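The structure under discussion appears below in the form of structure tokens.
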Amino acid sequence: MPSMAEIVGGGAGRVSQLRNGLQAELAFIQSMVRQGKVPTPPQLHSYITGLRDKIEGICKHPGLEQFRSRFVEVFQEINWDYEANESTGDLPELQKLEEWLHERTKSFYQA
Numbered sequence: 004m005p006s007m008a009e010i011v012g013g014g015a016g017r018v019s020q021l022r023n024g025l026q027a028e029l030a031f032i033q034s035m036v037r038q039g040k041v042p043t044p045p046q047l048h049s050y051i052t053g054l055r056d057k058i059e060g061i062c063k064h065p066g067l068e069q070f071r072s073r074f075v076e077v078f079q080e081i082n083w084d085y086e087a088n089e090s091t092g093d094l095p096e097l098q099k100l101e102e103w104l105h106e107r108t109k110s111f112y113q114a
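Remember, the working numbering sits 3 above the position in the sequence shown when you count from 1.
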């Protein structure tokens with residue numbers, strides 16, 4: 004599977020913005036895990052809603068539209084309907100969310 008950077012080609016700046024955003028989100032979640040913080044279900048719901056909104060905003064830029072379908076797919080892994088921007092089941096535990104974000108971030112570097 005091609006990396007996200009290869010898919011976009013000329014949109015490297017926006018890909019970098021998306022990658023950096025995912026890295027920042029991952030660092031935030033990792034910090035929560037290290038500190039032993041456990042968000043309430045409403046807090047986790049709000050966080051995922053915001054994360055999806057940030058990704059959606061970046062994916063609307065020219066050259067990044069193809070990312071949207073990829074994110075629609077991967078959000079299903081954490082019981083989230085990307086289109087409706089709402090939960091489809093139990094929200095993930097923080098550790099699972101951390102692993103999920105780590106995998107999403109790694110996808111930018113895979114060839």
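Where a beta carbon is used, it is the ideal one built from N, C-alpha and C, also for glycine.
Since this is a predicted model, take the numbers as computed values, not measurements.
{"Item": "Less than 8 angstroms between the CB atoms is what I'm expecting for Q95 and I81, so what's the real figure, rounded?", "Value": "Position check: residue 95 holds Pro in this sequence, whereas Gln was assumed. Right, their Cβ atoms sit about 5 angstroms apart."}
{"Item": "Would you grab the beta carbon distance between G24 and K63 for me? Rounded to a whole angstrom, and I think it's under 8 angstroms.", "Value": "So it is not a contact: roughly 14 angstroms between Cβ atoms."}
{"Item": "Could you check where the alpha helix (DSSP H) with V75 kicks off and where it finishes?", "Value": "68–78"}
{"Item": "Among residues of its own chain, excluding the 5 on either side of V36, which ones have a beta-carbon nearer than 7 angstroms to its beta-carbon?", "Value": "L97, Q98, E101"}
{"Item": "Is the CB-CB distance between R107 and V75 below 8 angstroms?", "Value": "no"}
{"Item": "Starting from the Cα of G16, find the closest Cα among L67, H105, W83 and give me that residue.", "Value": "L67"}
{"Item": "At which residues does the alpha helix (DSSP H) containing P44 begin and terminate?", "Value": "44–62"}
{"Item": "Roughly how many angstroms separate the alpha carbons of F70 and V41, rounded to a whole number?", "Value": "30 angstroms"}
{"Item": "Which residues does DSSP list as the beta-bridge partners of E89?", "Value": "D84"}
{"Item": "Since L104 and L21 should fall inside the 8 angstroms C-beta cutoff, what is the C-beta to C-beta distance between them, to a whole number of angstroms?", "Value": "Not confirmed; about 13 angstroms, so no contact."}
{"Item": "Verify whether the separation of the beta carbon atoms of I51 and W83 is less than 8 angstroms.", "Value": "yes"}
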